[in-house]
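Residue numbers (our numbering), protein chains in the order written: chain A, 120 to 409; chain B, 899 to 1166; chain C, 114 to 472.
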Amino acid sequence: MQLAVNTLVLTAIYALIACGYVLVYRVSRVLNLAHGELMMLGAYLLLMTASQFSGHWAVAIAAAVGLSLLVGVLVYLFLMRKMTGEMVLAAVLTTVALGTLLRGAMVLIWSARQHYPAQRLEFTNFAIALPGGARMSLCAALLVATTVLVYGSLWAFLRFGRWGVRMRAAGQRPLLAAQRGINLHAIYALAWGLSTLTGALAGMLLAMDQGLDQTMATIGLKAFPAALVGGLDSLLGALAGALIVATAEVLLIHYVDPLLSEVVPFLVLIAMLAVWPWGLFGTREELDRV
Amino acid sequence: MSTPLLTVAKLEVVYQRAVTALQGVSLSVPRGQIVGILGTNGAGKTTLLRAISGFHGIDDARVTDGSICFKGRRIDNGEPHLIARAGIALVPEREKVFPNLTVAENLTVPAGPRESAAERRRREEQVVEFFPKLAELRSRVAGLLSGGERQMLAMASALVCKPELLLIDELSLGLSPVVIDDLMARIVQIKRELGIAVVLVEQSAAVALELADYGYVLENGRTVLDGEVQRLKSHADIQEFYMGRTSAGARRSYRDVKQYRRSRRWYG
Amino acid sequence: MSRRPRASGHFRTAYAQDLRLIQTGTERWAMAACVVALAGLPFLASPFLLDLANQVFLAAIGALALMLLTGYAGQISLGHAGLMAAGAFTVGILSRELQAPFWMTLPAAALVGSLLGAIFGLPSLRLRGLYLAVSTLALHFLVVYLGGEYESRRGYSTGIVIDPPAIGGHAVSGGLAWYFILGLTAGGVLLLCLNLLRSGTGRAWAAIRANETVAEALGIGVAGHKLLAFMVSSLLAALAGALFGYYRGFVSVEAFSLFLSIQYVAMIIIGGMGSLLGAVLGALFVTLLPYGIEAALRTLPGAERYAGLLFAVNYAAFGLVMILFLLLEPLGLVGIWRRVATYFRLWPFKHRPLTGGQR
């Protein structure tokens, strides 16, 4: 039973991070390899707002979430926008560079030691007892709930919201969308903002659960195979991919070798690439220019 | 005589800083009129429409000389979405709808002028009235539509933007004569009821000369002939090159046409 | 075969002439001067500088490998560190377990490298750009995991010690000897790359990078050439890793982090994509940058408190420099170099040649 709970929590983590990759890729065809670092930035922002608004955890969280949205939009406006029209390779390398810069900057600003945002927020993370003798921490439960909420709202937004439909259109045929009056830069900025927001939520909840330090960005990178396994441009696929990767990871760690945790997502990825390269639910396409 | 809606003056367009697609094209579109643009493949017709509606960064195409004026304001090298919001809508030759969205979603996508939700819904209804077939196909995915239905959807989604000028690239390409007749009737209806000006680019001279009020002929990136459609229809060169008729009125085999002798007339 | 302006009066009338590496008399003198300078440097330099030069040579080999793959065949690789680790670990394992001499371990490392290249390059054949990047990332984590497993199983908690290679009974040691070995190897690799690019393979890669569909239509086996690019690149990377192992006398997993992959990517971005000279310049810049940063930290007032977080400063500096180059100077150091050279070549004329296809 504990294994099932662990799988559920890990699936939620990977899914919440993966939808950030999918959002940016689906709308602007760019692979944002800085997503892990942006996720970590969200957690550090929570640390900052927690110090500012200590005692009012709702305000602190809301402020951090708002700031993350802003960061995503700014990253697009000041950096990625300059890369439109260039090759995809250049855009992806720019995200790699951004990630590296952020990693260094975060350590310089907040130092490399472990932080505990939950403590600053005066938030106690107690364990919930579940049937079958399994246990889950409150933050983990919140994380699962948040993932469900985020996926539900995103799906509804993309399916029924006017701007959601416009985002899907811009992802398919950017030129036609522009010819129909859609400001592509605004759409891309929105996609980046939402992507950073969802990543930051994941980062914040993880930080409240386990503490915050340098290694969090690696989790971001491990979630990437989940997005790819499901097909980089499908939200449903990200969910399915997260489930598959998380299940594989929990089982292999438990029964084979705990050291495998870093590499399992990528093994699943390689298997997927060899057998079904477009992912479970992705659309088959050619990728070339941004 | 009122000022024309759109004026293109000596337009020069270059692709990738190497290929000159248009070398000095001039035309003007009066309000509420249909202007036809004829020409063979590679004459620069599509480039002209793309230049008017705005180039996106990817093509690496630029207007390098001349000007395009819409309602008195210069729009050459403008951003496509701003030009669309200013009142020019393009129905492209290929990639004219969003294939993975339904017909209804294709109609909600265009971003027209600022207005209330009720006004927007009313306009969407109004547009569908022009193309009643679309009302039945609302939940069909656009990629599965037939050629004629796709063209109708493309025109409908262009109209949702509330344009004053509609640019249509290759209306009749790949469509059966029945469908073409139907679309032509709708364009006349649109012009009459909405007062929209239309620039129609066509390879089929029959369609262009029947719909248009005024016509231009492009060749190798230049305008070589223009005039009222009545005059064009009886112009000897048009008759020979586009209709296959000799000066005697009879249809001739293309083998008999001595192109090189005639071509001197174009620039004379 | 470049479109840069050439010295006036120099006309090429035959294909063989066009393909020659050194074409004018001036170039011949310049080359000779370079060789003399490089050969004489070690006798005048301090041990610290010698070590620096050796590091640059090693980096150059790795950078050239990556440049072939990314700059020419147009495939992204983020697993470069993994390939180097594979080469280093092959050397370490073989020399530790089997006491194999260097003339066995080095080819073995190269073989392992090219095999890994084939395995991880295969998935990319059906797909484009991004998928190879992802596949190489997977390669990195896998190699690092396997290396870590080996270390812990064998009890080498801090890493594997490697004896220096022995030639004719004499152990190779000392900065001077390594300088010439690494320098000659780097030169050899450069020559190999230059020749590859001048050949039909190089032209095929250029065609694939420009437009895959058209290349396929012209009869170029796209899949085969992509795989070849990846295998050659991996082979050279593994070789670089193997030499690194011998040079340092020590191999451990920590030395081959993702940051190392990013450093190599930085080398080709900063150097300028699509140019072998760029790979070398980039290797030079990136190898020297951390030392420059350290020196800056020591001299700038108020910056001492960051001295303890040197790795973070390095990260931030690398990211920043890469972004600056990507945004402002996409042609890299080579672009700057060529602008300067063109200015002098064309002086007193100021006219710049038509851009069009300039990369």
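Yeah, the Cβ is synthetic: ideal placement off N, Cα and C, and Gly gets one too. Fair warning: this is a prediction, and the values are worked out from it, not measured in the lab.
is_contact[residue i, chain A] using C-beta, thresh 9 Å
i, result
"G952(B)", "yes"
"T1006(B)", "yes"
"P443(C)", "yes"
"R1133(B)", "It should be noted that the sequence gives His, not Arg, for residue 1133(B). No, H1133(B) does not count as interfacial toward chain A."
"G405(C)", "no"
"R1020(B)", "no"
"S1055(B)", "yes"
"A987(B)", "yes"
"L999(B)", "yes"
"S77(C)", "With chain C running from 114 to 472 in the structure shown, residue 77(C) is simply not present."
"G226(C)", "no"
"Q471(C)", "Residue confidence is low: Q471(C) scores 37 on pLDDT, short of 50, so the model does not pin down where it sits. Its coordinate-derived value is still stated next. No, no contact with chain A."
Beta-carbon neighbours of residue i, restricted to chain B and to distances below 7 Å
i, result
"R292(A)", "E993 and F996"
Cutoff 9 Å: residue i Cβ touching any chain D Cβ
i, result
"P344(A)", "The question asks about chain D, but that chain is absent: this structure's protein chains are A, B and C."
Closer than 9 Å to chain C by CB, residue i
i, result
"S353(A)", "no"
"M202(A)", "yes"
"A359(A)", "no"
"A259(A)", "no"
Neighbouring residues, chain A, relative to residue i (Cβ below 8 Å)
i, result
"V426(C)", "G223 and L227"
"G333(C)", "Before going further, note that residue 333(C) is Ile rather than Gly in the sequence given. Per Cβ cutoff of 8 Å: no residues; I333(C) is ~17 Å from chain A at best."
Contacts that residue i makes with chain C (C-beta to C-beta distance below 7 Å)
i, result
"E410(A)", "The structure shown does not extend to residue 410(A), since chain A is modelled only from 120 to 409, so the question has no answer here."
"T213(A)", "I436 and L439"
Neighbourhood of residue i by C-beta distance below 7 Å, restricted to the same chain and skipping five residues each side
i, result
"I986(B)", "I950, S951, F968, P1061, L1063 and L1065"
"L354(A)", "C138, V141, Y270, L273 and W274"
"T317(A)", "L135, C138, G139 and V269"
"G1093(B)", "G930"
"Q921(B)", "E910, G1119 and R1120"
"V124(A)", "L249, A253 and M255"
"V263(A)", "L127, V128 and A131"
Where the alpha helix (DSSP H) through residue i begins and ends
i, result
"Y360(C)", "V335 to R361"
"T374(C)", "Note on residue identity: the sequence assigns Ser, not Thr, to residue 374(C). Taken as a continuous stretch (DSSP letters only), the alpha helix (DSSP H) holding S374(C) covers L371 to G384."
"V285(C)", "It is not in any alpha helix (DSSP H) - V285(C) carries neither H nor E in the DSSP assignment."
"A941(B)", "Segment: none, A941(B) is in no alpha helix (DSSP H) and carries neither H nor E."
Boundaries (first-last residue) of the beta strand (DSSP E) holding residue i
i, result
"G234(C)", "No beta strand (DSSP E) holds G234(C); the alpha helix (DSSP H) holding it covers F215 to G234."
"V989(B)", "I986 to V989"
"C1059(B)", "First-last for C1059(B): undefined, no H or E at that position."
"D963(B)", "A959 to F968"
"G934(B)", "I932 to L936"
"R1120(B)", "R1120 to E1126"
Sequence-distant residues of its chain with Cβ nearer than 6 Å to residue i (five each side left out)
i, result
"T203(C)", "A221, A222 and V225"
"A336(A)", "G155, E156 and M159"
"F172(A)", "V178 and A179"
"L362(A)", "T130"
"G976(B)", "G952"
"L186(A)", "L164"
"A178(C)", "S346, L349 and A350"
"L394(C)", "G384 and L446"
Test: residue i CB closer than 9 Å to a CB of chain B
i, result
"V124(A)", "no"
"R239(A)", "no"
"A297(A)", "yes"
"A288(A)", "yes"
Partner residues on chain A for residue i, Cβ-Cβ distance less than 7 Å
i, result
"E1003(B)", "V284"
"V378(C)", "L212 and V215"
"A429(C)", "L220, G223, A224 and L227"
"E367(C)", "The premise fails here: E367(C) is roughly 14 Å from chain A at the closest Cβ pair, so nothing lies under 7 Å."
Closer than 8 Å: residue i CB and nearest the ligand ZN heavy atom
i, result
"F202(C)", "This structure does not include the ligand ZN; it has no bound ligands of any sort."
Contacts that residue i makes with chain A (C-beta to C-beta distance below 9 Å)
i, result
"R1048(B)", "Per Cβ cutoff of 9 Å: no residues; R1048(B) is ~13 Å from chain A at best."
Chain B contact residues for residue i, given Cβ-Cβ distances below 8 Å
i, result
"G300(A)", "H979, A982, R983, P1008, A1009, G1010 and C1059"
Same chain, Cβ closer than 8 Å to residue i, neighbours up to 5 away in sequence not counted
i, result
"V327(C)", "A320"
"R322(C)", "Y185, A186 and G187"
Would you call the region 212-227 of chain A and the region 422-434 of chain C touching, i.e. three or more CB-CB distances under 8 Å? yes
Give a yes or no on contact between the region 932-948 of chain B and the region 1109-1125 of chain B, applying the rule of three or more CB pairs nearer than 8 Å. Segments in contact, yes.
Touch test, the region 335-349 of chain C against the region 188-200 of chain C, Cβ-Cβ under 8 Å, three pairs minimum: yes
Could you say if the region 1011-1030 of chain B and the region 309-317 of chain A meet the contact criterion of at least three C-beta pairs nearer than 8 Å? no
Three or more beta-carbon pairs under 8 Å between the region 396-414 of chain C and the region 187-205 of chain A, yes or no? No, they do not touch.
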